[in-house]
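Engineer: In my numbering, the protein residues as written are 468 to 891.
All C-beta atoms, glycine included, are put in the ideal place defined by N, C-alpha and C.
Because the structure is a prediction, the values reported are computed rather than measured.
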Amino acid sequence: MEKVTSLCKRRGFVYPGSEIYGGLANTWDYGPLGVELKNNLRDYWWKTFVHDRDDIYGIDGGILLHPKVWEASGHVANFSDNLVECKKCHKRYSTDRLETKKCSECGGEFTPEKKFSGLFKTFIGPTEDTASVAYLRPETAQAIFINFKNVVDSFHPKLPFGIAQVGKAFRNEVTAGNFIFRDLEFEQMEIEYFIAPGTDWQKAFSSWQEAMCQWAVSLGVREKALTVREHNEKERSHYSKKTVDLEYEFPFGIKELWGLAYRTDYDLKQHQNASGVNLEYQTEDGQKFIPHVIEPSFGMPRTLLAVLLESYFEDKKRIILKIKPKLAPIKVAVFPLVANKPELVKKARETYKMLRKEFLVVWDERGNIGKRYFSQDEIGTPWCVTIDYQTLEDETVTVRDRDTMKQERLPVDKILPYFQNMLK
Ligand code: ATP
Numbered sequence: 468m469e470k471v472t473s474l475c476k477r478r479g480f481v482y483p484g485s486e487i488y489g490g491l492a493n494t495w496d497y498g499p500l501g502v503e504l505k506n507n508l509r510d511y512w513w514k515t516f517v518h519d520r521d522d523i524y525g526i527d528g529g530i531l532l533h534p535k536v537w538e539a540s541g542h543v544a545n546f547s548d549n550l551v552e553c554k555k556c557h558k559r560y561s562t563d564r565l566e567t568k569k570c571s572e573c574g575g576e577f578t579p580e581k582k583f584s585g586l587f588k589t590f591i592g593p594t595e596d597t598a599s600v601a602y603l604r605p606e607t608a609q610a611i612f613i614n615f616k617n618v619v620d621s622f623h624p625k626l627p628f629g630i631a632q633v634g635k636a637f638r639n640e641v642t643a644g645n646f647i648f649r650d651l652e653f654e655q656m657e658i659e660y661f662i663a664p665g666t667d668w669q670k671a672f673s674s675w676q677e678a679m680c681q682w683a684v685s686l687g688v689r690e691k692a693l694t695v696r697e698h699n700e701k702e703r704s705h706y707s708k709k710t711v712d713l714e715y716e717f718p719f720g721i722k723e724l725w726g727l728a729y730r731t732d733y734d735l736k737q738h739q740n741a742s743g744v745n746l747e748y749q750t751e752d753g754q755k756f757i758p759h760v761i762e763p764s765f766g767m768p769r770t771l772l773a774v775l776l777e778s779y780f781e782d783k784k785r786i787i788l789k790i791k792p793k794l795a796p797i798k799v800a801v802f803p804l805v806a807n808k809p810e811l812v813k814k815a816r817e818t819y820k821m822l823r824k825e826f827l828v829v830w831d832e833r834g835n836i837g838k839r840y841f842s843q844d845e846i847g848t849p850w851c852v853t854i855d856y857q858t859l860e861d862e863t864v865t866v867r868d869r870d871t872m873k874q875e876r877l878p879v880d881k882i883l884p885y886f887q888n889m890l891k
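#1: Is it true that the stretch 506–522 meets the stretch 482–495, where meeting means three or more beta-carbon pairs spaced less than 8 Å apart?
#2: Using the C-alpha atoms, what's the distance from F546 back to Q737?
#3: Please tell me whether, using a cut-off of 7 Å, the distance from the CB of P809 to the nearest non-hydrogen atom of the ligand ATP is below it.
#4: With DSSP as the reference, please indicate the residues paired to C556 in a beta bridge.
#5: Just reading off the alpha helix (DSSP H) that A773 is part of, what are its end residues?
#6: Does the ligand ATP have even one heavy atom less than 7 Å from the beta-carbon of F653?
#7: Which complete beta strand (DSSP E) runs does the stretch 800–867 hold, if anything under 3 residues is left out?
#8: C556: buried (16+ other C-beta within 10 angstroms of its C-beta) or exposed?
#9: Just the Cα atoms here: how many angstroms apart are N639 and W668?
#10: Span of the alpha helix (DSSP H) holding K470?
#11: Give me the Cα-Cα distance between R689 and N745, rounded to the nearest whole angstrom.
#12: Please find out if some non-hydrogen atom of the ligand ATP comes closer than 7 Å to the beta-carbon of R893.
#13: Looking at P758: is its Cβ nearer than 8 Å to the Cβ of F661?
#14: In angstroms, rounded to a whole number, what distance separates the CA positions of K670 and I613?
#15: Taking the beta carbon of R769 as the centre, do at least 16 other beta carbons fall within 10 Å, making it buried, or is it exposed?
#16: Going by C-alpha to C-alpha distance, which of E654, V774, D522 and P624 sits closest to F637?
#17: Taking C-beta to C-beta, are A973 and L693 nearer than 8 Å?
#18: Which of the three DSSP states, helix, strand or coil, is assigned to R509?
#19: Since E677 is in the alpha helix (DSSP H), which residue starts that stretch and which ends it?
#20: Alpha carbon to alpha carbon, what distance is there between K793 and K891?
#21: Count the C-beta pairs between the stretch 740–754 and the stretch 698–711 that are closer than 8 Å, then say yes if the count reaches three, no if not.
#22: What residue range does the beta strand (DSSP E) around S584 cover?
#23: What is the residue span of the beta strand (DSSP E) that M889 lies within?
#24: Looking at the strands, I want to know which residues DSSP matches up with M656.
#25: So Y524 and V633 are in contact, right, with Cβ under 8 Å, and what is the actual spacing, rounded?
#26: Are the Cβ atoms of V852 and V801 separated by less than 8 Å?
#27: Within this structure, are the beta carbons of R649 and I530 separated by less than 8 Å?
#28: If you drop the 5 nearest sequence neighbours on each side, which residues of the same chain put their C-beta closer than 6 Å to that of R869?
#29: Does the distance from the CB of P763 to the CB of L724 come in under 8 Å?
#30: Which residues in the same chain as E572 place their Cβ atom closer than 6 Å to its Cβ, once the five residues preceding and following it in sequence are excluded?
#31: Which residue or residues does DSSP assign as beta-bridge partners of V481?
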């Protein structure tokens, strides 16, 4: 974990939030490589669950929604955590996740339990009065429920169908630690999958469970590092009939990676009652009802962390991030063998520009080739292309593979289709 955290900082994946001001607990900023990895993960998620299926519609709802949304959803009343603080070292713990009766840092005693809201409040308008209180969304799901009718009216989808959304969620988390695992703001990738009441929800639930596990494996997560754990009644949210956590073996323990919940018709019913707008779905043969919903919920930071942890390898000479090429921040690095031979640099620039039109490519001419290879291995670049003296004679280049370190000579006009094929 320490190695991954320090690599993230050193090479520009993730930086501590507001670092020059001493940091702000549970906030992180994504650097140039982190944002690429995050974008690739998000695009791959969208492709898998929206573009490659014909039963899911995407939306992008607001971060600020009408405050009544959060009253109707139950968040204003229920979205809270119970907190204790160590009397000695003042470390805070959420009692929902507490495993010991004494502080694990210093063995100190805890203060009595205190309840606090997980919602971030803000104000709309010029005065901070209660009439204009608004909340930053703690989950993306509610924008989906309040747009359910809009999507049905525009697209007339047949049940079962889903609505997907990716975006930031905000939670007033008070327990710190474990890098990006628990943040104040983080992206969620969520689907509400609507089914007719009375249909086999268990079947839909298990097929989503399967799809989530498969997606994790397709990111390069080892199957044996994943477990599915069902919530007991006490743990389950107020709206859910069944919830499972897809857990991952993080270095700091087996913890939730993603969640899957059967939210019944709770949310749509609540919004129908609170708004007075009919949110029933009407079938072709005229039946009307409120659909039930299965919710697969994926969190971006934990996904990114699991991918980095699974990709990190070291040998005597180098650190390698064996990220799947389709997810790697940079696809190819292009090098002129030496920086002081203008013919080589010119040819290498042409190759760089040609590849750059298709995907993210970097240029490096510093130090020796070996160092450049290792520098790319450390950030997960799958291939390096070197332009050397032979290139000037026969138009071939060296393509070096990150994982095998094998080098192959390929005609320069064949490398683009070669990489495109490998990235499929
Ligand atoms: P936990 O029990 O760890 O607090 P949760 O059960 O509250 O998580 P959900 O409400 O199920 O989490 O949220 C869905 C997903 O969003 C989680 O599986 C996780 O990937 C992500 N997530 C939730 N809270 C955070 C957070 N504070 N920081 C980063 N990711 C989060």
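Structural biologist: Reading from the atomic positions:
#1: Judged by Cβ distances under 8 Å, the stretch 506–522 makes no contact with the stretch 482–495, as fewer than three pairs qualify.
#2: Residue mapping note: residue 737 aligns to position 270 of the sequence shown, counting from 1. Residue mapping note: residue 546 aligns to position 79 of the sequence shown, counting from 1. F546 has its alpha-carbon roughly 16 Å from the corresponding atom of Q737.
#3: The residue you call residue 809 lines up with position 342 of the sequence shown. No; taking the cut-off as 7 Å, the Cβ of P809 has no heavy atom of the ligand ATP nearer than that.
#4: Translated into positions along the sequence shown, residue 556 becomes position 89. Beta-bridge pairing links C556 to no other residue.
#5: Locating residue 773 in the sequence shown gives position 306, counting from the first residue. Counting along the chain, the alpha helix (DSSP H) containing A773 begins and ends at M767 to S778.
#6: Numbered from its first residue, the sequence shown carries residue 653 at position 186. Because some heavy atom of the ligand ATP lies under 7 Å away, the Cβ of F653 counts as near it: yes.
#7: Fully enclosed beta strand (DSSP E) runs of 3 or longer: 828–830 and 850–854.
#8: The count along the sequence shown starts at 1 and reaches residue 556 at position 89. So C556 ends up on the exposed side.
#9: Here residue 639 refers to the residue found at position 172 of the sequence shown. Here residue 668 refers to the residue found at position 201 of the sequence shown. N639 and W668: Cα-Cα distance of roughly 32 Å.
#10: Looking up residue 470 in the sequence shown gives position 3. Element bounds for K470: E469 to R478.
#11: Within the sequence shown, residue 689 is the residue found at index 222, counting from 1. Within the sequence shown, residue 745 is the residue found at index 278, counting from 1. Using only the alpha carbons, I get a separation of about 45 Å.
#12: For the chain, the structure presents residues 468 to 891; residue 893 sits outside this window and is missing.
#13: Indexing the sequence shown from 1 puts residue 758 at position 291. Indexing the sequence shown from 1 puts residue 661 at position 194. Taking 8 Å as the Cβ cut-off, P758 and F661 qualify as a contacting pair.
#14: In the sequence shown, the residue the question calls residue 670 occupies position 203. In the sequence shown, the residue the question calls residue 613 occupies position 146. Roughly 26 Å between the two C-alpha positions.
#15: Here residue 769 is taken as the residue at index 302 of the sequence shown, counted from 1. Taking every protein chain shown into account, the CB of R769 has 16 or more other CB atoms within 10 angstroms, so this residue is buried.
#16: As a working mapping, residue 637 is identified with position 170 in the sequence shown. Closest option to F637, judged by alpha-carbon separation, among E654, V774, D522 and P624: E654.
#17: Outside the shown range of the chain, which is 468 to 891, sits residue 973, and nothing can be said about it.
#18: Taking the sequence shown and counting its residues from 1, one reaches residue 509 at position 42. Residue state, collapsed to three classes: helix.
#19: For the purposes of this step, residue 677 is taken as residue 210 along the sequence shown, with counting starting at 1. Unbroken alpha helix (DSSP H) run through E677: W668 to S685.
#20: Within the sequence shown, the letter at position 424 stands for residue 891. Within the sequence shown, the letter at position 326 stands for residue 793. Roughly 8 Å between the two C-alpha positions.
#21: Touching, no.
#22: Position 117 of the sequence shown holds residue 584. Counting along the chain, the beta strand (DSSP E) containing S584 begins and ends at K581 to S584.
#23: Looking up residue 889 in the sequence shown gives position 422. Taken as a continuous stretch (DSSP letters only), M889 belongs to no beta strand (DSSP E), being part of the alpha helix (DSSP H) at I882 to M889.
#24: As a working mapping, residue 656 is identified with position 189 in the sequence shown. Answer is V633 and F765.
#25: Taking the first residue of the sequence shown as position 1, residue 524 is located at position 57. Taking the first residue of the sequence shown as position 1, residue 633 is located at position 166. Your pair Y524 and V633 does not check out as a contact, with CB atoms roughly 13 Å apart and the cut at 8 Å.
#26: Translated into positions along the sequence shown, residue 852 becomes position 385. Translated into positions along the sequence shown, residue 801 becomes position 334. For the pair V852 and V801, the CB atoms are nearer than the 8 Å cut-off.
#27: Mapped onto the sequence shown, residue 649 falls at position 182. Mapped onto the sequence shown, residue 530 falls at position 63. For R649 and I530, no; Cβs fall outside 8 Å.
#28: Within the sequence shown, the letter at position 402 stands for residue 869. Around R869: D844 and P849.
#29: The residue labelled residue 763 in the question sits at position 296 within the sequence shown. The residue labelled residue 724 in the question sits at position 257 within the sequence shown. Between P763 and L724, the CB-CB gap reaches or exceeds 8 Å.
#30: By one-based count along the sequence shown, residue 572 stands at place 105. For E572, where only same-chain residues beyond five positions count, the Cβ hits under 6 Å are C556 and K558.
#31: As a first step, residue 481 must be located in the sequence shown, where it is residue number 14. V481 is bridged to Y497.
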